[in-house]
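Asker: Right, I'll just put the structure down here and ask away after.
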Amino acid sequence: MSSPAIGRRIAAAIAAGAAALALSAGTATAAPSADEPPSTPVDRSPADGVLMSYAVNLKRANFGQIKRAERLVESAGGTVVQSWPQIGVIIAHSTKAAFLADLDRIGGRGTPVESAGQTRTAEVAEGTPKGNKAQPPGRSKRSDTAQDQLRLGGYEAGRGVSEAALAPDPLEGDQWGNKAIKADQAQEITGGDPDVLVGIVDTGVEGTHPDLAPNFRADKSVSCNNAGQPRRTGWEPTTNGHGTHVAGTIAAARNGVGVVGIAPDVSIASIKVSNDDSLFYPEYVVCGMIWAADNGFDVTNNSYYTDPWNFWCGDQANQVPGREAVRRAFEYANSKGVVSAAAAGNEDYDLANKTTDPVSPNDVEGQEVDRVINNNCLDIPAELENVVTVSALNSDITKAYFSNYGENKIEVTAPGQGIVSTYPGGRYARLSGTSMATPHVSGVLALLKSTHPDAKPAELVKLLREQATDLPCDDERCVGTAAFNSFYGDGNVDALKAVGG
């Protein structure tokens, strides 16, 4: 468990376990390679009467199959909470201990379901909202009128003061990270395009903060912690300022107040995917990424790992379904033009040579297992495809002591130690972690999208990596060359090059 100062997810993560079932018709698990041990099984199957959340993954993502699967869920004693026909995933609740077995039995050999399993080990605390089932293609569930947006606290995004664009903000001198990636020089050319929209996939954002309000889009913000069902309210932070800090690093306005973001003219919105215990369950993350994909976002910042498993193991049937649902959501977002960056983590851990995980499952206090893991156990979203994985630097431009690393795991690096940024209550805070490095990268991606508006995610990532400043190995654990290695990937990102400087 990371300390509050350096956690990817800065808050109390409490502990427990998760149960799931790979249905007989599915292809849910993958064995580790012959030279690796199997991971330790951890069973947290619920008792009857305990309300539990499940991810149900279909073999094919289409409307007909998802309607059929919804009927199976209900026949097995479950309630459909949210259907995502875009990716063939259903989030369901049930109080039946035999729900997964019954889902398998009722579906039979022709079941549309590939895999299904618990998304958490703790009982669902938020209750079961009214199900949001699949609707036929082309039919909108709701349209948000101007009156809706006003009622929801929406306000029009303004912009920084262009006449004073290069006047220093009071705390700008403390922002060593901006200088280390040449963001201060980049802003002499541009602060980014207001049409570029960055999603802060996190603990919520204080959109009324004086440094964030000019660029904040309440009309694009959402909360997903209602059992994984999107809501247009509740996207503000309640118990954790992590998301507000991340937001400021990306896009705090140059307005004579506080700090300045890497891309101080782009737009940001809150995509809240954690609950009040700062737990990021798969159903929350899936909801958040599909929201970003379907609502015109260009970039998402993901400074967290998905609970309750620090590493989701491909050889454990009770972990595969949640991992697969999240993977599909990120793949879908990428296909819709969203480029995503994610924090590598803060345990000084070699992601390419995994051995143990002592902090999972983490959503019921005191039930962690010091388990053996292997390299088919993934930190998600950091180790998913279509995600830029980010390590953290100290102010001397070496690996921060806490930063995870790994051969062919890290794409780029960025400043992550002692980063000053916005915090709830109109305040500012200095925090450390790969959580703080990742928004530097997201800010540069926003600048790249501003200067290359037609570029697809893969093209933006290619530019990001090509433009990064090479950093040589400076530790015996570091594998590779200055051009690409296990500590820094392709190197420290460069905001100036991103804007053509």
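Residue numbers (mature numbering (1 follows the signal peptide of the UniProt record, and there is no 0)): -30 to -1, 1 to 471. Glycine residues also receive a C-beta, built at the ideal position from the N, C-alpha and C atoms.
Just mark F33 as buried or exposed, buried being the case when its beta carbon has 16 or more other beta carbons within 10 Å.
Answerer: The sequence position of residue 33 within the sequence shown is 63, counting from 1. Under this definition F33 is an exposed residue.
Asker: Excluding sequence positions up to five away, which residues of its chain have a Cβ less than 8 angstroms from the Cβ of A197?
Answerer: Counted from its first residue, the sequence shown places residue 197 at position 227. Counting only Cβ-Cβ distances below 8 angstroms, and skipping sequence neighbours, we find S23, V51, Q52, I61, H63, V94, E96, G97, T98, P99 and E253.
Asker: Does the separation of the CB atoms of V469 and T439 fall below 8 angstroms?
Answerer: In the sequence shown, residue 469 corresponds to position 499, counting from 1. In the sequence shown, residue 439 corresponds to position 469, counting from 1. Going by C-beta atoms, V469 is not nearer than 8 angstroms to T439.
Asker: Are the beta-carbon atoms belonging to K324 and N304 less than 8 angstroms from one another?
Answerer: Here residue 324 refers to the residue found at position 354 when the sequence shown is read from its first residue. Here residue 304 refers to the residue found at position 334 when the sequence shown is read from its first residue. No.
Asker: With distances taken between CB atoms, is the gap from T408 to Y251 smaller than 8 angstroms?
Answerer: Looking up residue 408 in the sequence shown gives position 438. Looking up residue 251 in the sequence shown gives position 281. No, the Cβ-Cβ distance between T408 and Y251 is not below 8 angstroms.
Asker: Leaving aside the five residues before and after L42 along the sequence, list all residues of the same chain whose C-beta is less than 8 angstroms from its C-beta, in chain order.
Answerer: Along the sequence shown, read from residue 1 onward, the residue named residue 42 stands at position 72. Within the same chain, L42 has close Cβ partners L73, I76, G77, T81, P82 and V83.
Asker: Could you tell me if S456 is buried or exposed, where buried requires 16 or more neighbouring beta carbons within 10 angstroms of its beta carbon?
Answerer: Within the sequence shown, the letter at position 486 stands for residue 456. So S456 counts as buried.
Asker: Taking only three categories from DSSP, how would you classify S391?
Answerer: Along the sequence shown, one-based indexing puts residue 391 at 421. Note: S391 maps to strand in three-state DSSP.
Asker: If you draw a straight line from the alpha carbon of T451 to that of N102, how long is it in whole angstroms?
Answerer: Position 481 of the sequence shown holds residue 451. Position 132 of the sequence shown holds residue 102. Approximately 50 angstroms between the Cα atoms of the pair.
Asker: For the beta strand (DSSP E) that contains S365, what are its first and last residues?
Answerer: The residue given as residue 365 occupies position 395 in the sequence shown. Where S365 is concerned, there is no enclosing beta strand (DSSP E), given that its DSSP letter is neither H nor E.
Asker: Evaluate the contact criterion for the region 402 to 417 versus the region 374 to 385: three or more CB pairs, one atom per stretch, below 8 angstroms.
Answerer: The region 402 to 417 makes contact with the region 374 to 385; the number of CB pairs closer than 8 angstroms reaches 3 or more.
Asker: Mind listing, in chain order, the continuous alpha helix (DSSP H) runs of no fewer than 4 residues lying wholly within the region 135 to 181?
Answerer: 146 to 150 and 153 to 156
Asker: Quick check on A25: buried or exposed, where buried means 16 or more other Cβ atoms within 10 Å of its Cβ?
Answerer: Your numbering for residue 25 matches position 55 in the sequence shown. With 16 or more Cβ atoms within 10 Å of its Cβ, A25 is classed as buried.
Asker: To the nearest angstrom, how far is it from the Cα of G394 to the Cα of S85?
Answerer: In the sequence shown, residue 394 corresponds to position 424, counting from 1. In the sequence shown, residue 85 corresponds to position 115, counting from 1. The sequence shown places Pro at residue 394, not Gly. CA-CA distance, P394 to S85, rounds to 40 angstroms.
Asker: Counting along the chain, where does the beta strand (DSSP E) carrying H212 start and finish?
Answerer: Counting from 1 along the sequence shown, the entry for residue 212 is found at position 242. If you look at H212, you'll find it isn't in any beta strand (DSSP E); it sits in the alpha helix (DSSP H) that goes H212 to A221.
Asker: Would you report the Cα separation of T10 and P106, rounded to the nearest angstrom?
Answerer: In the sequence shown, counting from the first residue as 1, residue 10 sits at position 40. In the sequence shown, counting from the first residue as 1, residue 106 sits at position 136. Rounded to the nearest angstrom, the two C-alpha atoms are 42 angstroms apart.
Asker: Which residue from A312, A352, V308 and S361 puts its Cα closest to that of K419?
Answerer: Counted from its first residue, the sequence shown places residue 419 at position 449. Ranking A312, A352, V308 and S361 by Cα distance to K419 puts V308 first.
Asker: Hey, quick one: how far does the alpha helix (DSSP H) through E317 stretch, first residue to last?
Answerer: As a position in the sequence shown, residue 317 is number 347, starting the count at 1. Segment: none, E317 is in no alpha helix (DSSP H) and carries neither H nor E.
Asker: Can V414 and I151 be called in contact, C-beta distance under 8 angstroms?
Answerer: As a working mapping, residue 414 is identified with position 444 in the sequence shown. As a working mapping, residue 151 is identified with position 181 in the sequence shown. Cβ distance < 8 angstroms, so V414 and I151 count as in contact.
Asker: So, using beta-carbon positions, are P164 and D235 closer together than 8 angstroms?
Answerer: Residue numbering aside, residue 164 sits at position 194 when the sequence shown is read from its first letter. Residue numbering aside, residue 235 sits at position 265 when the sequence shown is read from its first letter. The answer is yes: Cβ separation under 8 angstroms.
Asker: What residues in its chain sit with their C-beta under 6 angstroms from that of D318, if we drop five residues either side in the sequence?
Answerer: By 1-based counting over the sequence shown, the position of residue 318 is 348. Taking C-beta separations shorter than 6 angstroms and ignoring five residues to either side along the sequence, the partners of D318 in its chain run F372, following chain order.
Asker: In terms of alpha-carbon separation, which member of W146, G336 and P207 lies closest to I170?
Answerer: In the sequence shown, counting from the first residue as 1, residue 170 sits at position 200. Residue P207 is the option with its Cα nearest to I170.
Asker: Looking only at C-alpha atoms, which of K426, T404 and S237 sits nearest to residue 558?
Answerer: For residue 558 there is no data in the structure shown, the boundaries of the chain being -30 and 471.
Asker: Assuming V334 and S273 make a contact with CB atoms under 8 angstroms, what is their CB distance in whole Å?
Answerer: As a position in the sequence shown, residue 334 is number 364, starting the count at 1. As a position in the sequence shown, residue 273 is number 303, starting the count at 1. Contact doesn't hold; Cβ gap of about 24 angstroms is too wide.
Asker: The beta strand (DSSP E) that contains W54, what's its start and end?
Answerer: Mapped onto the sequence shown, residue 54 falls at position 84. From DSSP, the beta strand (DSSP E) with W54 extends over G48 to W54.
Asker: Please determine, among V168, V227, Q286 and R187, the residue with the shortest C-alpha to C-alpha distance to P7.
Answerer: Stepping through the sequence shown from its first residue, residue 7 is reached at position 37. With respect to the C-alpha of P7, the residue from V168, V227, Q286 and R187 having the closest C-alpha is Q286.
Asker: Does the region 424 to 443 come into contact with the region 184 to 193, if we say contact requires no fewer than three beta-carbon pairs (one atom in each stretch) closer than 8 angstroms?
Answerer: no
Asker: Among D366, N346, G266 and G258, which has the Cα closest to the Cα of W146?
Answerer: Counted from its first residue, the sequence shown places residue 146 at position 176. The shortest C-alpha separation from W146 is found at D366.
Asker: I need the boundaries of the beta strand (DSSP E) containing Q199, first residue and last residue.
Answerer: Within the sequence shown, numbered from 1, the residue matching residue 199 stands at position 229. First-last of the beta strand (DSSP E) with Q199: Q199 to R201.
Asker: DSSP state of I238, grouped into three classes?
Answerer: Within the sequence shown, residue 238 is the residue found at index 268, counting from 1. It is a strand residue.
Asker: Is R224 helix, strand or coil when you go by DSSP?
Answerer: Translated into the one-based positions of the sequence shown, residue 224 becomes position 254. R224 falls in the coil class under three-state DSSP.
Asker: Using C-beta distances below 6 angstroms, list every residue in its chain close to I159, excluding the 5 sequence neighbours before and after it, in chain order.
Answerer: Reading the sequence shown from its first residue, position 189 is the one you call residue 159. V469 and G471, listed in sequence order.
Asker: Look at P331 and G87 and say whether their C-beta atoms are less than 8 angstroms apart.
Answerer: If you number the sequence shown from 1, residue 331 lands on position 361. If you number the sequence shown from 1, residue 87 lands on position 117. No, they are not a contact pair.
Asker: Skipping 5 residues on each side, what residues in its chain have a beta carbon closer than 7 angstroms to that of T392?
Answerer: Here the question's residue 392 lines up with position 422 in the sequence shown. Correct list, in chain order: H179, D181, L182, T214, H215, A217, G218, A222, G228, V229 and Y398.
Asker: Which value, in whole angstroms, describes the spacing of the CA atoms of A134 and N288?
Answerer: Counting from 1 along the sequence shown, the entry for residue 134 is found at position 164. Counting from 1 along the sequence shown, the entry for residue 288 is found at position 318. Because A134 sits at a pLDDT of 33, beneath the cut-off of 50, its placement in the model cannot be relied upon, and the following sentence gives the value as read from the coordinates. One alpha carbon belongs to A134, the other to N288, and they sit about 55 angstroms apart.
Asker: Does DSSP classify T81 as helix, strand or coil?
Answerer: Start at 1 with the first residue of the sequence shown, and residue 81 comes out as number 111. Looking at T81 - three-state DSSP - the assignment turns out to be coil, as it is neither helix nor strand.
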